[in-house]
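**Q** Pasting a structure below so you can have a look.
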Amino acid sequence: MKRRVICMVYEAMLLFGIAFVADFLFDVLTQSRHALSLRAGRQAWLFLVFGVYFVYCWTRSGQTLAMQTWRIKVTDDNGGRIPVIKAIVRYCLAWMWFLPAMALVYQFNLKQWPMVIAVSAGAAAWGATALLRPDHQFLHDHLAKTRLLHIPAVSQDSTTDQ
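UniProt numbering numbers the first residue of the sequence shown as 1 and each following residue consecutively.
In structure tokens form, the structure reads like this:
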């Protein structure tokens, strides 16, 4: 579980680069001159770009860059490569880490620390669902009929054949 959470933190850092390029493209294509203009369109664009990134990585190799680093792979329930539709479902369900808390933030107009606490508590509660399952898979993986697997490290032999 710890390895998966650290992988998600690393993934979030990598997404900053993708978000920067995607946001730049959005500004160029829409001629937007202010970060808050076209806010809903910008959020929808980033949701779509992130979705394409994750779905592409999961269906191609079962791993994003962060997952490769932490030797984690997403598969279907049978251990095979996941099809596009399952990857899309998994991506949408993974937003449940944040969406319920963000709805509360919006409903109660929370700002600053109360907002951070609400989103953190919501993410922690969703992550804790893995502790309630015997296979320790996250709830969104169970619902999408996918699983995260730990890939053992390959030992590199220091001797070489010559």
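All C-beta atoms in this analysis are idealised placements derived from N, C-alpha and C, irrespective of residue type, glycine included.
Using a Cβ-Cβ cutoff of less than 6 Å, which residues in the same chain neighbour Gln63 once the five nearest sequence positions on both sides are dropped?
**A** Lys73
**Q** Distance, Cα to Cα, Leu110 vs Ser37?
**A** 22 Å
**Q** On the DSSP bridge list, what partners appear for Ile72?
**A** His150
**Q** Go ahead and label Gln137 buried or exposed: buried means 16 or more other beta carbons lie within 10 angstroms of its beta carbon, across all protein chains shown.
**A** buried
**Q** Nearest to Val105 by alpha carbon, out of Ser120, Ala94, Cys92?
**A** Among Ser120, Ala94, Cys92, the Cα nearest to that of Val105 belongs to Ser120.
**Q** Under 9 Å, do Leu46 and Ala66 count as touching if we go by C-beta distance?
**A** no
**Q** Fully enclosed by the UniProt domain "RDD" (3 to 145), which beta strand (DSSP E) runs are 3 residues long or longer?
**A** Within the UniProt domain "RDD" (3 to 145), the complete beta strand (DSSP E) runs of at least 3 residues fall at 72 to 76.
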